[in-house]
Amino acid sequence: MHIRSYACQEMLCSRARGANSRRAGRRSAIGARFGRVPGSAAGGVYCFGPFRLEAGERRLLRDGQLVPLTSKAFDTLRLLIEGAGSLRKQEWLMDQLWPDVTVEQNNLQYNVSQVRRALAGAPGIEIQTVRGQGYRLVAEVHASSAAPPARQQRVHFATAHDGARLAYAFLGHGPPLVKAANWLSHVELELTGTLWAHWLDLLSRGRNLVRYDARGNGLSDWNPPSITFEDFVADLGTIFDASGIARAPVLGISQGASVAAAYAARHPERVSALVLIGGCTRGWRTVGSDRVTQKFEALIQLMRQGWGGRNPAFRQIFTTAFFPGASKDDTESFNELQRRTTSPENAATILSALGDLDIRKELPLVKAPTLVLHSRHDAVIPINNGIELATGIPGARFVEIESANHVWLADEPAWGRFTAELEGFLAETRAS
């Protein structure tokens, strides 16, 4: 196992003070003088030099490659782009970026420095500092208020070994990449939700992404004959067969990582490369802890009672654990996705089934080049599980990502780290 470690630290915004009402009045007055440029829109696309900023997708591309930016740095750049050629007052920028708190001016300076670093080396593009007043972006910007084209996918259905219906979808064009199903998926709803959009865009860019809903989930059969870990592994094989793919890289997240690893061990001829994110080798029943077993058994009983209601309070427990850094919109999106993706009984049955997995003896049989990634502060599946997974697979490369989120969000530095590692690994294995 080869271990690579990343440590990424962002300066934190400083002291908040109670001046909200005074600032709110000032915001409206300043906003009237320094509003958005004509034709700009919250979901607009801005092209300047080698860059393309997609406001709706909250991403910056340079020559088609993702440029990692923190959420505040992205918003700083967007505000400067919308007023390209004009002076953006410091006071106005701070009111836009921190509308409900008072922060020190060095927070704005830090974000501007991050943006400058992202734009470095591009001819004809400059952020000018007007001392004591604000900042001006010098660049030729072409804006469009049109939303980006909708993601077009093709949904099909396959029949599993026991007759269960499985929904699977193709997204994008190019060489195939198969994604093993993870905790509560829905191939249609994920297209419009905020938490998975950047994942789908990345995985389908220049590739034919094949993904599917696990049995008991989404558009797949909600009443299959059984729901077990062995079923999940067999279902991945069904998707390979139904999609006509003889051999391809496989990516698995969370429970999907365990499924993908087990499938790769059993069918090495079909898996050309393996990417495992936030995975584990053992389920909660097999770790040998009475405390852990009691905790999950109690949770399963609660799921049967509180999962499907309109009140998201119970599902919020899962959302907070999976995405402690999520915004309000992301949190609401995942809460609703969980509610609509499966029934309370199925959610409980799936969690119970995952308690029995144990793939430790199969890991040495994995022949495919393997990349294992894990968040350093993951509370859902702690990082020692990812280390155990990588240790068990011959030659696996392990990458520790600085994040507390189980699945990485678009506006955190971890997403840029992951993107670079994924693209590099897939290019390397494709060439070999």
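Sequential numbering from 376 applies to the sequence shown in this note's numbering. Glycine included, every Cβ here is placed at the ideal spot set by N, Cα and C.
Count the other CB atoms, across all protein chains shown, that sit within 10 Å of the CB of residue i; report buried if there are 16 or more and exposed otherwise.
i           : result
residue 505 : exposed
residue 501 : exposed
residue 565 : buried
residue 481 : exposed
residue 799 : exposed
residue 498 : exposed
residue 695 : exposed
residue 776 : buried
residue 548 : exposed
residue 513 : exposed
residue 461 : exposed
residue 495 : exposed
residue 769 : exposed
residue 508 : exposed
residue 489 : buried
residue 567 : exposed
residue 457 : buried
residue 534 : exposed
residue 713 : buried
residue 532 : exposed
residue 802 : exposed
residue 439 : exposed
Answer yes or no: do residue i and residue j have a C-beta to C-beta separation smaller than 8 angstroms?
i           : j           : result
residue 796 : residue 729 : no
residue 551 : residue 585 : yes
residue 741 : residue 632 : no
residue 427 : residue 441 : no
residue 601 : residue 665 : no
residue 624 : residue 650 : yes
residue 791 : residue 443 : yes
residue 773 : residue 762 : yes
residue 645 : residue 617 : no
residue 673 : residue 593 : no
residue 731 : residue 805 : no
residue 544 : residue 528 : yes
residue 546 : residue 579 : yes
residue 785 : residue 433 : yes
residue 654 : residue 760 : yes
residue 746 : residue 656 : no
residue 445 : residue 699 : no
residue 708 : residue 750 : no
Going by DSSP in three states, residue i sits in which element: helix, strand or coil?
i           : result
residue 400 : With a pLDDT of 38 at residue 400, under the threshold of 50, the modelled position of that residue is not reliable, and no figure is offered here.
residue 440 : strand
residue 701 : coil
residue 554 : strand
residue 508 : coil
residue 454 : helix
residue 642 : coil
residue 791 : helix
residue 527 : coil
residue 481 : helix
residue 598 : coil
residue 427 : strand
residue 381 : Because the pLDDT at residue 381 is just 29, under 50, the model does not fix this residue reliably, and the value given afterwards should be weighed accordingly. Three-state result, residue 381: coil.
residue 501 : strand
residue 733 : strand
residue 432 : coil
residue 775 : strand
residue 718 : coil
residue 462 : strand
residue 784 : coil
residue 762 : helix
residue 445 : coil
residue 619 : coil
residue 319 : Outside the shown range of the chain (376 to 807) lies residue 319, about which nothing can therefore be said.
residue 546 : strand
residue 537 : coil
residue 559 : coil
residue 650 : strand
residue 518 : strand
residue 629 : coil
residue 690 : helix
residue 513 : strand
residue 495 : coil
If I'm right that residue i touches residue j with Cβ under 8 angstroms, what's the distance once you round it to whole angstroms?
i           : j           : result
residue 743 : residue 647 : 6 angstroms
residue 453 : residue 430 : 6 angstroms
residue 596 : residue 562 : Not really, about 14 angstroms apart at Cβ, beyond 8 angstroms.
residue 569 : residue 450 : In fact, because the Cβ distance is near 16 angstroms, the residues do not count as touching under 8 angstroms.
residue 421 : residue 518 : 5 angstroms
residue 781 : residue 629 : 7 angstroms
residue 693 : residue 677 : Contact doesn't hold; Cβ gap of about 11 angstroms is too wide.
residue 675 : residue 726 : 6 angstroms
Hey, which unbroken runs of the beta strand (DSSP E) at 3 residues or more fall wholly within the segment 571-617? 583-587
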